[in-house]
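Written below as structure tokens is the structure these notes are about.
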Amino acid sequence: MSSTLSDSLVIARRNLIRMSRIPEMILFGLIQPVMFVILFTYVFGGSMKIGNTTDPDVYKNFLMAGIFAQTVTFATAGAGAGIADDMHKGLIDRFRSLPMARGAVLTGRTVADLVQTALTLLVLAIVALLVGWRPGYEEPTNFAKVLGGFGLLLLLGYAFTWIGALIGLSVRTPEAATSGGLIWLFPVTFISNAFVDPSQMTPWLRHVADWNPFSATVEACRQLFGDPGVSRSDAWPMQHPVWASLIYSILIIVLFRTLAVRKYRRVDG
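By my numbering, the letter at position 250 of the sequence shown is numbered 264, and the numbering carries on one by one without gaps.
As structure tokens, this is what we get:
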């Protein structure tokens, strides 16, 4: 365990140094979520019905938890592309030849991506405050609950990064990893409660949205941030979103880390 931790930290440091030497990676990673905040806030803010109102301020505060969650999950594509690029260049073969823990390469990569995601979330939160997002808009909250919400977001992002790692190990080029990492993310993020009131959906689609792991984290963050929500369904994840978010994220990490490490051991570079 200590060897795995030490090796993982070495790999994480290597990836963080690499990111710092390619600042455009961080810059472009920041621009996209900021654009989503501005576009959704000012383009859709006055037309989306949340509960019984189309008040732009209500939608603005309703939206931010969804934007935060979308941002951390979209980091999946970058993680997969990075691993696929390392494989394409033969770097993974070099790591495999070294006396190091097998899971350290992937763990280090996902930890480095988590640090970048945390930086992106910090910038995004500042932008959200500038455009009018206010924690505690509908229900009282406190700093500890807000931090807890961001903690759940980072845990979800870390879980989805392992899905990206598996995709990156399963394709031949970084371009394929990027495409493969985004294709499944769009239905996951949009068939959810992130951007619209699920009560406006058809019954079968709302059922899918209620049991979507992404929706559980969004609902948990709205609860912790004190932001406006909608009438909750009887689905267990919507009744207990914080616990559902934790359970979903942990299960995803356990499952996809196991699959990714197994794939890493078998992959032929």
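From the three backbone atoms N, C-alpha and C, an ideal C-beta is built for every residue, glycine too. Nothing here was measured: the structure is a model prediction, and the numbers come from that model.
Asked	Found
Within the segment 103 to 149, ranges of the beta strand (DSSP E) (whole runs, at least 3 residues)	none
Sufficient close CB pairs (3 or more, under 8 Å) joining the segment 122 to 135 to the segment 186 to 205	no
Bounding residues of the alpha helix (DSSP H) (the contiguous stretch that carries Ile-177)	157 to 184
Chain-order list of residues whose beta-carbon lies under 6 Å from that of Leu-273 (same chain, five-residue window excluded)	Leu-180
Ile-267 (DSSP reduced to helix, strand or coil)	helix
6 Å CB neighbourhood of Thr-231 in its chain, flanking five on each side removed	Ala-83, Leu-166, Leu-170 and Ser-259
Straight-line gap, Phe-209 to Arg-148 (C-alpha atoms, nearest Å)	17 Å
Helix, strand or coil at Ile-205 [DSSP, three-state]	coil
Among Val-222, Thr-87 and His-102, nearest to Ile-177 - alpha-carbon criterion	Thr-87
Classification of Ser-16 by the beta-carbon crowding that lies within 10 angstroms, buried from 16 upward	exposed
Residues near Ser-61 by beta carbon distance below 7 Å, same chain, minus five either side	Thr-68
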